[in-house]
Structures are given as structure tokens and as C-alpha cells.
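What follows is the structure, encoded as C-alpha cells:
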């Protein structure tokens, strides 16, 4: 009779990505308070210690989830932009529609992406730090590129000098 202890399943593939996707699912289904390395490991089908090979800790995983969200966000804005005609107003309008569509489709992720983490100092690994910078820059650039044609515009619909946001 074989008395060996069964091994935990070994994840073959991109475990880092699997943990991020597990975190996204947890975030959308249970909210940010539910995000733990242990829960993500269970969802990815690996040991509780496996995330340590890819993330310095929970904050690092959360930043990777934010980075992944920014990639999805930029992609959705580009998708809407690609369906609009090339006129600057049409492009800006389409990107804004993509922005809103993303917030509606992924409300928990959208809120999570734009709120600071409150767990303490940001101790994140270099890969996550680089990914976050690249992804956040990509989503910002989509918006920035759409606004360039209006930088020197006197278009009241776009440049109202804040009249709609201040009290008289």
C-alpha cells in the first residue's frame, strides 16, 4: 500500500498571471477586503506559499491587479476609439464613452484602480513596479492623445475654464 502524501497540484504556465486573474475575480465578486494571497493561491490551485515566488506580499499583488486593470482600461478606450471616425471631437467622445463603459462593466476594479492602498508602505517587486508604471502610463496616454488637438482650442464645450465646476 502506497503511503505517500499526495502533492499539491503544480501550476504549469504563468502563475503570476493566474494569481492576478484570481485577484480580479475576488475583487469583482467579494470586494477589495476579500483580496488575500491565500485566497488567490487557492483559486489558482497552488500552495499558499507559491505567490511568494512572484510577489513580495499582498500589496505587490494588489498593485499588479491595478496594473492589469489599467491595461484593460486602455484597451477598452482604444476599442471605442477605433470604431469612431477620425475627427478629434468624435475621437474624444468615443474615448470618454470607453472610459464610462469600463467603469460600468468593472465597477469594483475601476474604484480599486483609482483609490490608494491603505495597507502601509508600498513594498512591491520590480516587475510589478514596472508593470504598474507602464500600464498607468498607457491608460493616461490614450486620454492625453485624444486631448492634444484641443490644447490650444477656445472651444467652450471643452475649455470652459472650470465654469461648470465652480460656484459663481
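Residue numbers (this note's numbering): 791 to 958. Just so you know, even glycine gets a beta-carbon here, dropped at the ideal spot from N, CA and C.
By Cβ distance, which residues of its chain are closer than 7 Å to residue i, with the 5 residues on each side in sequence left out?
i           : result
residue 829 : 816
residue 851 : 809, 813, 827, 830, 841 and 845
residue 914 : 846, 849, 850 and 853
residue 834 : 801, 805, 808, 809 and 812
residue 899 : 814, 817, 818 and 859
residue 838 : 828 and 831
Counting C-beta neighbours from all protein chains within 10 Å, is the total for residue i 16 or more, i.e. buried, or is it exposed?
i           : result
residue 844 : buried
residue 806 : buried
residue 870 : buried
residue 804 : exposed
residue 942 : exposed
residue 934 : exposed
residue 857 : buried
Tell me which same chain residues have a C-beta within less than 6 Å of the C-beta of residue i, skipping the five on either side of it?
i           : result
residue 931 : none
residue 937 : none
residue 926 : 860
Would you kindly report the start and end of the unbroken alpha helix (DSSP H) that includes residue i?
i           : result
residue 936 : 916 to 937
residue 832 : 827 to 834
residue 809 : 805 to 820
residue 841 : Residue 841 -> no alpha helix (DSSP H), and no H or E assigned at all.
residue 898 : 897 to 904
If I measure Cβ to Cβ from residue i and keep anything under 8 Å in the same chain, skipping five residues before and after, which residues do I get?
i           : result
residue 883 : 874
residue 733 : Only positions 791 to 958 of the chain appear in this structure, which leaves residue 733 out of reach.
residue 887 : 870
residue 954 : Bear in mind that the predicted position of residue 954 carries a pLDDT of just 39, short of 50, making it too unreliable to give a figure here.
residue 919 : 853
residue 922 : 853, 854, 856, 857, 860 and 914
Is there a Cβ from chain B that is less than 8 Å from the Cβ of residue i?
i           : result
residue 864 : Checking the listed chains, one finds no chain B in this structure; it contains a single protein chain.
Exercise for the section: May I have a chain-ordered list of the alpha helix (DSSP H) segments no shorter than 4 residues that lie completely inside the region 851 to 892? Expected result: With a minimum length of 4 residues, no continuous alpha helix (DSSP H) run stays inside the region 851 to 892.
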